[in-house]
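**Q**
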Amino acid sequence: MMLSFLVKGRRTMHCFYLTHSFTLTHKNTYPTPSSNNPFFHFFSDILRPQFRALSTKFSGVSQTMGSFDSLSYLTQREAAEVDESLMGPLGFSVDQLMELAGLSVATSIAEVYKPSEYSRVLTFCGPGNNGGDGLVAARHLHHFGYKPLVCYPKRTQKPLYAGLVTQLEALSIPFLSVDDLPSDLSNDFDVLVDAMFGFSFHGSPRPPFDDLIHRLVSLHSHNQTGQKRSVIVSIDIPSGWHVEEGDVDGTGIKPDMLVSLTAPKLCAKKFIGPHHFLGGRFVPPAIAEKYNLVLPPYPGTSMCVRIGKPPQVDISAMRENYISPEFLEEQAEADPINQFHKWFGDALAVGLKEPNAMALSTVGKDGKPSSRMVLLKGVDKHDFVWYTNYESQKARELSENPYASLLFHWDGLNRQVRVEGYVQKVSDEESEQYFHSRPRGSQIGAIVSKQSTVVPGRHVLHQKYKELEQKYADGILIPKPKNWGGYRLTPHAFEFWQGQKSRLHDRLRYSPREIDGQKVWKVERLAP
Numbered sequence: 001m002m003l004s005f006l007v008k009g010r011r012t013m014h015c016f017y018l019t020h021s022f023t024l025t026h027k028n029t030y031p032t033p034s035s036n037n038p039f040f041h042f043f044s045d046i047l048r049p050q051f052r053a054l055s056t057k058f059s060g061v062s063q064t065m066g067s068f069d070s071l072s073y074l075t076q077r078e079a080a081e082v083d084e085s086l087m088g089p090l091g092f093s094v095d096q097l098m099e100l101a102g103l104s105v106a107t108s109i110a111e112v113y114k115p116s117e118y119s120r121v122l123t124f125c126g127p128g129n130n131g132g133d134g135l136v137a138a139r140h141l142h143h144f145g146y147k148p149l150v151c152y153p154k155r156t157q158k159p160l161y162a163g164l165v166t167q168l169e170a171l172s173i174p175f176l177s178v179d180d181l182p183s184d185l186s187n188d189f190d191v192l193v194d195a196m197f198g199f200s201f202h203g204s205p206r207p208p209f210d211d212l213i214h215r216l217v218s219l220h221s222h223n224q225t226g227q228k229r230s231v232i233v234s235i236d237i238p239s240g241w242h243v244e245e246g247d248v249d250g251t252g253i254k255p256d257m258l259v260s261l262t263a264p265k266l267c268a269k270k271f272i273g274p275h276h277f278l279g280g281r282f283v284p285p286a287i288a289e290k291y292n293l294v295l296p297p298y299p300g301t302s303m304c305v306r307i308g309k310p311p312q313v314d315i316s317a318m319r320e321n322y323i324s325p326e327f328l329e330e331q332a333e334a335d336p337i338n339q340f341h342k343w344f345g346d347a348l349a350v351g352l353k354e355p356n357a358m359a360l361s362t363v364g365k366d367g368k369p370s371s372r373m374v375l376l377k378g379v380d381k382h383d384f385v386w387y388t389n390y391e392s393q394k395a396r397e398l399s400e401n402p403y404a405s406l407l408f409h410w411d412g413l414n415r416q417v418r419v420e421g422y423v424q425k426v427s428d429e430e431s432e433q434y435f436h437s438r439p440r441g442s443q444i445g446a447i448v449s450k451q452s453t454v455v456p457g458r459h460v461l462h463q464k465y466k467e468l469e470q471k472y473a474d475g476i477l478i479p480k481p482k483n484w485g486g487y488r489l490t491p492h493a494f495e496f497w498q499g500q501k502s503r504l505h506d507r508l509r510y511s512p513r514e515i516d517g518q519k520v521w522k523v524e525r526l527a528p
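Here is the structure:
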C-alpha cells in the first residue's frame, strides 16, 4: 500500500487570548469578562468553532489562487515519487502525516460549511490511508463543534487505524454500518465526506463501496428536483475517478468541495464544484524545486488555502441563522453605558479584531447622509470620543449639523450597538494629549494628510512623509496640527441588537426619561 495519501497538510487555527485589560486611551480601561460571565461560557461551548472559522477567514485563509492554470498538477507516478521523497529523508512518520491530512480536511470544511447550519457530518472511510485521513478529520470536526458520524465498513486492523477508532469511540462518535444507513442520506446529514479511495486506487470499487459511491452520485437527482441535498466533500480524489482523466464517463461523484493534498492531481482540473482547497504547507523548497512544483502562497500562518476558480455566489441566498443566547430585558443594565462596557468586554475576550471600530454617520445641510469607519478612542460615563481632521467631510457636516450616529458591529458575537447623539469638539488639551500618545508615524501621517482633498497620487503623500520624517528626526516633538482633534458624542439613544434564529432578533432600545429631576433610561423591546 502506497503512503501517498498521507502527504498532506493542516491549517493552524487562530487562538484567542484573554487579556487582563484593554486601553482605549490612557485613562479608559476595560476588564476582561470573568469566567462567571454566562455569555462567556456560551461562547466557549457553542460559538467558538464558528468564530474561529470566521476569524481565520478574515485572516486571509479564503484567498483564491490568482491563476488556476499556473498551479502544478501531479500525475499518479509523480504523486507517488513526491510521497517517497517526503517519507524518506525528510523523516515524516505515517501517523504524523495522517494527522496533518485530517486536520487539513476538517479546517477546509469549517471554512465553508459552518457548524451552525451543517453540523451533521457523515464520513465514509475506506480501508486505506484515505480512510485514515477521514477518521482523523472526524475527530477534529467533533472538536470544532460538529456532530460527526463514521461509516467504516472494511476496517484495517493495523495499530494506527485501531487507535484512531478508539479515539473516536472515546468521544462517543457513532459508527454506522452500511445496513444502518438511512435510505435518504440528505434527510439525516448535512455534509458527506468521501474518504474511500485516493490516487493509488486501481480498478473498479468492490462492495460495499460501489454501492456507497452510487448513493453519493444519486444525490444530484435531488438537486434537479429542487430538494435540499447533502453537500459532498472529497479528500484528494473523488472516489471512483481516474487519477489523471477524472470522471471519464460523467457518471461519477460530483463533489461540492475537493480538498487536494500536497499538490492537486491532474483529475482536479476536471473538478467543477464551487470549493477547491489545498492543504500541505510542509513541502520544503528542495522538494518543490526537484519536482518543479508551483504551489500557491499560504496566507499568514495558515496551512490551508482556497485554489481554483472563485465560486459563483447567489447574493440573494446569502444568510446566517444566528445562534446566540437570548438578550432579555431583565438581563440588561439600567445604564446603557454599563451595558456597552459589558458587551465591549465580551468582544475583547473573544479576540475580535478592532472591536472599537465603528461606523460614523453624519448629515450635512444638504440632507445627504455619509458614513465611514473610525476608531473609538475613549468612552466614559457620558460620552464617546474619536479623533479626526477638522477639515474633513465628516467634520464639515458636523459643523452644519452636530448630530451623528455610531454603529458597532461585532460579527463573531452576532451583536450590534447603535448610539445616536449630539456631537461637539473635545478640548484642545485633550486633543493635544492624545495626539502625542500616538505612534510618531501616525502623528506625521496626520500632518501629511489633508483629509478628503484630492491628491495626484500616493507618491505625493510618501514624499511629504519622508520630508517630515527627516525634519522631526532624533525625537524632536511633533506639533499637533491646528486642524486635527477630537469629537465627543453625548448619547440620547441606544439600541442593542443580538442576532437570533429565524430572524427573531433581540432589539433593546434605551431612551432617556426624567423622573424627579433625575435622568433615567427606559428600556423597550423593538420588533426585529
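Under UniProt numbering, read the sequence shown as residues 1 to 528, first letter to last.
All residues carry an ideal CB built from backbone N, CA and C; glycine is no exception.
Which same chain residues, not among the five before or five after A382, have their C-beta less than 7 Å away from its C-beta?
**A** If you number the sequence shown from 1, residue 382 lands on position 382. Strictly speaking, residue 382 in this sequence is His, with Ala absent from that position. T490.
**Q** Could you round the C-beta distance between I213 and I272 to whole angstroms and report it? I think they count as a contact, below 8 Å.
**A** The sequence position of residue 213 within the sequence shown is 213, counting from 1. The sequence position of residue 272 within the sequence shown is 272, counting from 1. No, I213 and I272 are not in contact; Cβ-Cβ is about 18 Å, not under 8 Å.
**Q** For the 8 Å Cβ check, are there 3 or more pairs between the segment 438-456 and the segment 412-420?
**A** These segments do not touch.
**Q** Roughly how many angstroms lie between the CA atoms of R396 and Y422, to the nearest whole one?
**A** Indexing the sequence shown from 1 puts residue 396 at position 396. Indexing the sequence shown from 1 puts residue 422 at position 422. Going from the Cα of R396 to the Cα of Y422 covers about 15 Å.
**Q** Whole angstroms are fine: how far does the CA of L376 sit from the CA of R488?
**A** By one-based count along the sequence shown, residue 488 stands at place 488. By one-based count along the sequence shown, residue 376 stands at place 376. Taking the straight line joining both Cα atoms gives about 10 Å.
**Q** Can you give the Cα-Cα distance for K57 and R513, rounded to whole angstroms?
**A** By one-based count along the sequence shown, residue 57 stands at place 57. By one-based count along the sequence shown, residue 513 stands at place 513. The pLDDT assigned to K57 is 40, lower than 50, so where the model puts this residue is not dependable; a value taken from the coordinates is nonetheless given after this. Looking at the two C-alpha atoms, the distance is approximately 43 Å.
**Q** So the candidates are L149, G203, L164; which of them puts its Cα closest to the Cα of S177?
**A** For the purposes of this step, residue 177 is taken as the residue at position 177 of the sequence shown. When only C-alpha atoms are compared, the closest one is L149.
**Q** Could you check if L216 is buried or exposed, using at least 16 other CB atoms within 10 Å of its CB as the buried criterion?
**A** What you label residue 216 is simply residue 216 of the sequence shown in a count that begins at 1. It counts as buried.
**Q** Looking at the unbroken alpha helix (DSSP H) that takes in K290, where does it start and where does it end?
**A** In the sequence shown, counting from the first residue as 1, residue 290 sits at position 290. Segment 285-290, the alpha helix (DSSP H) holding K290.
**Q** How about the segment 401-411 and the segment 348-359: do they share at least three Cβ pairs that are nearer than 8 Å?
**A** The segment 401-411 vs the segment 348-359: in contact.
**Q** For E391, does the three-state DSSP call read helix, strand or coil?
**A** Numbered from 1 along the sequence shown, position 391 holds the residue referred to as residue 391. It is coil, neither helix nor strand.
**Q** Measure the C-alpha to C-alpha separation of H142 and L71 and round it to an integer number of angstroms.
**A** As a working mapping, residue 142 is identified with position 142 in the sequence shown. As a working mapping, residue 71 is identified with position 71 in the sequence shown. Cα-Cα distance, rounded: 32 Å.
**Q** Which residue wins for smallest C-alpha separation from A332, given the options R507, S234, C125?
**A** Position 332 of the sequence shown, counted from the start, is the residue given in the question as residue 332. Closest option to A332, Cα to Cα, is R507.
**Q** Helix, strand or coil: how does DSSP classify K377 here?
**A** Residue mapping note: residue 377 aligns to position 377 of the sequence shown, counting from 1. Three-state result, K377: coil.
**Q** Assess, as a yes-or-no matter, whether the segment 124-144 is touched by the segment 230-244 under the definition of 3 or more beta carbon pairs within less than 8 Å.
**A** Yes, the segment 230-244 is in contact with the segment 124-144.
**Q** Would V259 pass as a contact of F282 if the rule is Cβ separation under 8 Å?
**A** For the purposes of this step, residue 259 is taken as residue 259 along the sequence shown, with counting starting at 1. For the purposes of this step, residue 282 is taken as residue 282 along the sequence shown, with counting starting at 1. Cβ atoms of V259 and F282: not closer than 8 Å.
**Q** Do three or more CB pairs link the segment 165-179 to the segment 190-201 at distances below 8 Å?
**A** The segment 165-179 is not in contact with the segment 190-201.
**Q** If you draw a straight line from the C-alpha of S371 to the C-alpha of K501, how long is it?
**A** Taking the sequence shown and counting its residues from 1, the one referred to as residue 371 is at position 371. Taking the sequence shown and counting its residues from 1, the one referred to as residue 501 is at position 501. Rounded to the nearest angstrom, the two C-alpha atoms are 29 Å apart.
**Q** By Cβ distance below 7 Å, which residues in the same chain neighbour T75 in space, the five residues on each side in sequence not counted?
**A** The residue given as residue 75 occupies position 75 in the sequence shown. So the qualifying residues of the chain are E244, L266.
**Q** How many angstroms separate the CA atom of K154 from the CA atom of Y146?
**A** As a first step, residue 154 is located in the sequence shown; it is residue number 154 there, counting from the start. As a first step, residue 146 is located in the sequence shown; it is residue number 146 there, counting from the start. The straight-line gap from Cα to Cα measures roughly 24 Å.
**Q** Output the residue ranges of the beta strand (DSSP E) runs that lie fully inside the segment 257-344 and measure 3 residues or longer, sorted by chain position.
**A** Counting whole runs of 3 or more residues, the segment 257-344 contains the beta strand (DSSP E) stretches 257-261, 275-279, 304-307.
**Q** Would G485 pass as a contact of V426 if the rule is Cβ separation under 8 Å?
**A** Locating residue 485 in the sequence shown gives position 485, counting from the first residue. Locating residue 426 in the sequence shown gives position 426, counting from the first residue. Going by C-beta atoms, G485 is nearer than 8 Å to V426.
**Q** Any beta carbon from chain B within less than 8 Å of V248's own beta carbon?
**A** This model lacks chain B altogether, as it is built from one protein chain only.
**Q** Could you check how far apart the C-beta atoms of A137 and G102 are, in whole angstroms? I think they sit under 8 Å.
**A** For the purposes of this step, residue 137 is identified with residue 137 of the sequence shown, where counting begins at 1. For the purposes of this step, residue 102 is identified with residue 102 of the sequence shown, where counting begins at 1. Confirmed, about 4 Å.
**Q** Go ahead and label D83 buried or exposed: buried means 16 or more other beta carbons lie within 10 angstroms of its beta carbon, across all protein chains shown.
**A** Reading the sequence shown from its first residue, position 83 is the one you call residue 83. That one is buried.
**Q** By a C-beta neighbour count over all protein chains shown, 10 Å radius and 16 as the cutoff for buried, is L122 buried or exposed?
**A** As a first step, residue 122 is located in the sequence shown; it is residue number 122 there, counting from the start. With 16 or more Cβ atoms within 10 Å of its Cβ, L122 is classed as buried.
**Q** From the DSSP output, read off the bridge partner residues of D506.
**A** Here the question's residue 506 lines up with position 506 in the sequence shown. Answer by DSSP bridge pairing, in chain order: Q498.
**Q** Am I right that D190 and S239 are in contact with their C-beta atoms under 8 Å? What's the rounded C-beta distance?
**A** Translated into the one-based positions of the sequence shown, residue 190 becomes position 190. Translated into the one-based positions of the sequence shown, residue 239 becomes position 239. No, D190 and S239 are not in contact; Cβ-Cβ is about 20 Å, not under 8 Å.
**Q** Once DSSP output is grouped into helix, strand and coil, what is the label at G485?
**A** Translated into positions along the sequence shown, residue 485 becomes position 485. G485 falls in the strand class under three-state DSSP.
**Q** If you follow the beta strand (DSSP E) that E524 is part of, which residue opens it and which one closes it?
**A** Residue 524 sits at position 524 when you count from the first residue of the sequence shown. Taken as a continuous stretch (DSSP letters only), the beta strand (DSSP E) holding E524 covers 518-525.
**Q** Measuring straight from C-alpha to C-alpha, what distance separates M318 and I515?
**A** The residue labelled residue 318 in the question sits at position 318 within the sequence shown. The residue labelled residue 515 in the question sits at position 515 within the sequence shown. Spanning the two alpha carbons is a distance of roughly 46 Å.
**Q** Sort out for me which residues DSSP pairs G246 with in a bridge.
**A** Reading the sequence shown from its first residue, position 246 is the one you call residue 246. DSSP, once it has assigned bridges, lists H242 as partnering G246.
**Q** Let's test the definition: count the other Cβ atoms within 10 Å of the Cβ of residue 542 and tell me whether it reaches 16, buried, or not, exposed.
**A** The first residue shown for the chain is 1 and the last is 528, placing residue 542 beyond what the model contains.
**Q** Helix, strand or coil: how does DSSP classify Y17 here?
**A** Within the sequence shown, residue 17 is the residue found at index 17, counting from 1. Here Y17 scores only 31 on pLDDT, less than 50, and its place in the model is too uncertain to base an answer on.
**Q** Rounded C-beta distance between F144 and L192? I'm assuming under 8 Å.
**A** For the purposes of this step, residue 144 is identified with residue 144 of the sequence shown, where counting begins at 1. For the purposes of this step, residue 192 is identified with residue 192 of the sequence shown, where counting begins at 1. With 8 Å as the limit, F144 and L192 do not qualify as a contact, their Cβ atoms being about 17 Å apart.
**Q** Please list the terminal residues of the continuous beta strand (DSSP E) segment that includes H409.
**A** As a position in the sequence shown, residue 409 is number 409, starting the count at 1. Segment 403-410, the beta strand (DSSP E) holding H409.
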